[in-house]
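Protein chains in written order, with full-length UniProt numbering: chain A, 1 to 221; chain B, 1 to 221.
C-beta: ideal position from N, C-alpha, C; glycine also.
Remember, it's a predicted structure, so these values are computed and weren't measured experimentally.
Remarks on the structure that follows.
There are 2 protein chains.
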Amino acid sequence: MSSPAHHVAYFPVEDLPTEEVDRQEELYGGLADAVRALVDLALDVDAPPVVLASAQASLEAVTASLRVAQTDGPLGVRHNGRGRTWSWGNAVIGPRNATAPPLVVERPDPSGPCTASVVLGPAHQDEPGVLHPGAAAKMLDHLMGVVAADGRRLTMTGRLTLTHHRPTPLGPVSLAGWISGEEGSKVFVHAELSDADGVSVEADVVFVIPRWAREASTDAG
Amino acid sequence: MSSPAHHVAYFPVEDLPTEEVDRQEELYGGLADAVRALVDLALDVDAPPVVLASAQASLEAVTASLRVAQTDGPLGVRHNGRGRTWSWGNAVIGPRNATAPPLVVERPDPSGPCTASVVLGPAHQDEPGVLHPGAAAKMLDHLMGVVAADGRRLTMTGRLTLTHHRPTPLGPVSLAGWISGEEGSKVFVHAELSDADGVSVEADVVFVIPRWAREASTDAG
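Shown next as structure tokens:
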């Protein structure tokens with residue numbers, strides 16, 4: 001994600017060199033990846049009770065060893081004022097959040113759509129092999145928020161409309177979203193979620209730029 | 001969740017005594033709970049690299065020990081034909097799914113709304129302390145699906161409209177949903193998500209009863 005100067009108005013700065021941010025992301029991201037593998041196993045392992053109990057005891061021991069170092073520190077968007085932003089805890093894109101796929105939102109062409117590609121496993125299921133429609137909503141909502149913010153302003157989800165054309169199978173999916181219109185404090189965004197057979201879900205969101213953010217943006221020139 | 005005879009047409013039967021279902025749910029649910037605790041810790045632990053590396057190695061050892069017993073078995077809705085249904089892997093309600101809150105959808109009054117109460121932690125965050133709007137969409141979508149199915153028919157999410165009145169803080173929230181209308185193969189459902197300050201998100205969904213399910217339902221009398 002890019003980090004234009006406008007972000008300064010909204011997101012906390014942490015005075016960390018980019019290399020240090022990268023190092024911490026790898027360290028804590030590795031721990032979260034290990035948890036993510038366990039999320040999948042907890043879903044589909046089939047083992048004798050003694051094996052499961054032993055695994056559970058081992059996990060609880062790790063929890064106990066880490067609990068002493070647990071913080072209540074917030075994990076929202078941060079930036080270091082040197083072009084590096086990070087959002088480690090986010091429920092959709094956070095590399096430290098084992099419930100997040102995690103989605104990586106990109107913008108290959110600066111004037112084109114925001115896109116993301118991800119392989120979705122059983123943690124995101126509804127019926128067997130089928131993506132939970134709510135999980136599709138969650139990812140689309142996030143991608144569209146990135147589109148609306150456009151790397152330069154704060155926007156809040158107003159109204160989201162989602163149309164499911166058919167169930168989406170688990171596996172590789174791609175998302176794409178773009179601004180379809182702007183009107184005063186409103187930003188209209190359209191997005192699609194596709195699998196190998198084409199678009200399965202379409203979404204439209206009306207985002208709102210809060211008054212205080214509009215004023216801050218005007219102040220900043 | 002109740003399990004009227006109509007479910008027989010749609011969901012696989014497993015010939016398990018209810019006590020055995022309960023026993024397995026406790027066993028595998030316990031493992032998932034242990035993973036859920038680690039999801040939170042991976043988000044907010046602040047420890048020296050050597051501690052994190054040691055924790056990660058321990059988790060990877062557990063993963064290796066369980067991997068040999070991993071199945072690709074589907075984990076959708078099951079019932080035993082004796083009044084017990086279960087949906088262990090579901091992304092919103094599955095007790096074996098560590099990414100699920102998990103939500104417990106209830107219907108205290110058989111003629112009243114479906115409801116759920118849950119305390120949401122940092123795994124469901126957007127900005128610090130704020131519920132990810134997509135996570136709200138995911139939970140509402142699921143609750144509304146339960147409302148639409150009404151314990152007696154198969155329904156698919158058609159169009160979902162969600163209005164965020166304001167950001168929802170993390171912490172305790174409650175959901176309520178009810179059928180607001182029916183028209184041919186369409187079922188209209190309304191739902192709300194509330195925190196201590198009242199309703200923060202409203203949702204409307206048009207569900208569709210697929211033709212084949214309508215025909216099966218008619219056949220079953």
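Contact residues within the region 87-99 of chain B, judged by C-beta distance below 7 angstroms to chain A: Residues of the region 87-99 of chain B that bring their beta carbon within less than 7 angstroms of a beta carbon in chain A comprise GLY89, ASN90, ALA91, VAL92, ARG96, ASN97, ALA98 and THR99, in sequence order.
Between the CA atoms of VAL173 (chain A) and ASP195 (chain A) - distance to the nearest angstrom: 5 angstroms
Unbroken stretches of the beta strand (DSSP E), 3 residues or longer, contained in the region 101-174 of chain A: 114-120 and 156-164
Nearest to GLU215 (chain B) (by Cα), restricted to the options B:LEU154, B:PHE188 and B:ARG159: B:LEU154
VAL208 (chain B) - partner residues in DSSP beta bridges: Residue pairing by DSSP puts VAL208 (chain B) in a beta bridge opposite B:MET156 and B:LYS186.
Meets three-Cβ-pair contact criterion under 8 angstroms: the region 60-76 of chain B and the region 70-90 of chain A: Contact between the region 60-76 of chain B and the region 70-90 of chain A is absent, because fewer than three Cβ pairs lie under 8 angstroms.
For SER194 (chain A), the three-state DSSP class (helix, strand or coil): Correct three-state label for SER194 (chain A): strand.
ASP126 (chain A) to SER200 (chain A) span [Cα, whole Å]: 15 angstroms
Cα-Cα separation, HIS164 (chain A) to LEU131 (chain A): 11 angstroms
Buried/exposed call for ALA9 (chain A), threshold 16 Cβ in 10 Å: For ALA9 (chain A), the pLDDT reaches just 44, beneath the cut-off of 50, and the residue's location in the model is therefore unreliable, although a value from the coordinates is still provided. Exposed: under 16 other Cβ atoms inside 10 Å.
Check whether HIS142 (chain B) and VAL92 (chain B) have beta carbons under 8 angstroms apart: Yes.
From A:VAL104, A:ARG96, A:VAL50 and A:PRO133, residue whose alpha carbon lies closest to that of VAL21 (chain A): A:ARG96
Interfacial residues, the region 12-36 of chain B to chain A, with Cβ spacing under 8 angstroms: LEU27, TYR28, GLY30, LEU31, ALA32, ALA34 and VAL35
Assigned exposure category for residue 227 (chain A) - 16 Cβ within 10 Å defines buried: There is no way to answer for residue 227 (chain A), as the model of chain A reaches only from 1 to 221.
Cβ-heavy atom distance, PRO17 (chain B) to the ligand PLP, below 7 angstroms: The ligand content of the structure shown is nil, which means the ligand PLP is not present either.
Cβ-based burial, SER180 (chain A) [other Cβ within 10 Å; buried from 16]: exposed
Chain-ordered chain B contacts of HIS124 (chain A) [CB-CB under 7 angstroms]: ALA91
8 angstroms Cβ cutoff, HIS164 (chain A) in contact with chain B: yes
Cutoff 8 angstroms; reference VAL13 (chain A); Cβ partners in own chain excluding five residues on either side: ARG78, HIS79, ASN80 and GLY81
Neighbour flag for LEU170 (chain A) against chain B, beta carbons, 8 angstroms: no
Residues of its chain near ARG36 (chain B), where Cβ-Cβ distance is below 7 angstroms and the 5 sequence neighbours each way are ignored: ALA98
Nearest to ALA203 (chain A) (by Cα), restricted to the options A:PRO102, A:ASP72 and A:THR161: A:THR161
Every unbroken beta strand (DSSP E) within the region 7-59 of chain A, with a cutoff of 3 residues, ordered by chain: none
Proximity of LEU31 (chain B) and ALA34 (chain A) at Cβ, strictly below 8 angstroms: no
Inter-residue Cα distance where the pair is ASP197 (chain B) and GLY171 (chain B): C-alpha separation (whole angstroms): 12 angstroms.
Reduced DSSP secondary structure (H/G/I, E/B, other) of THR85 (chain B): strand
Alpha-carbon to alpha-carbon, GLU192 (chain A) and GLY145 (chain A): Looking at the backbone, the Cα of GLY145 (chain A) and that of GLU192 (chain A) are separated by about 14 angstroms.
Integer-rounded CB distance, given that GLY121 (chain A) should sit under 8 angstroms from VAL147 (chain A): That pair is no contact at about 26 angstroms.
Contacting positions in the region 59-72 of chain B - beta carbon closer than 9 angstroms to chain A: LEU59, GLU60, ALA61, VAL62, THR63, SER65, LEU66, ARG67, VAL68, ALA69, GLN70, THR71 and ASP72
Which residues DSSP lists as bridging VAL201 (chain B), in chain order: B:HIS164 and B:LEU193
Pair within 8 angstroms by beta-carbon distance, MET156 (chain A) and PRO108 (chain A): No, they are not a contact pair.
Beta carbon of ASP40 (chain B) nearer than 8 angstroms to that of ASP72 (chain A): no
Short CB-CB distance (under 8 angstroms) between PRO133 (chain B) and chain A: yes
Neighbour list for HIS79 (chain B) in chain A, Cβ cutoff strictly below 9 angstroms: Within 9 angstroms Cβ-Cβ: nothing; HIS79 (chain B) doesn't reach chain A, min ~14 angstroms.
Nearest-angstrom Cα separation, counted from ALA55 (chain B) out to VAL189 (chain B): 45 angstroms
Test: CYS114 (chain B) CB closer than 8 angstroms to a CB of chain A: no
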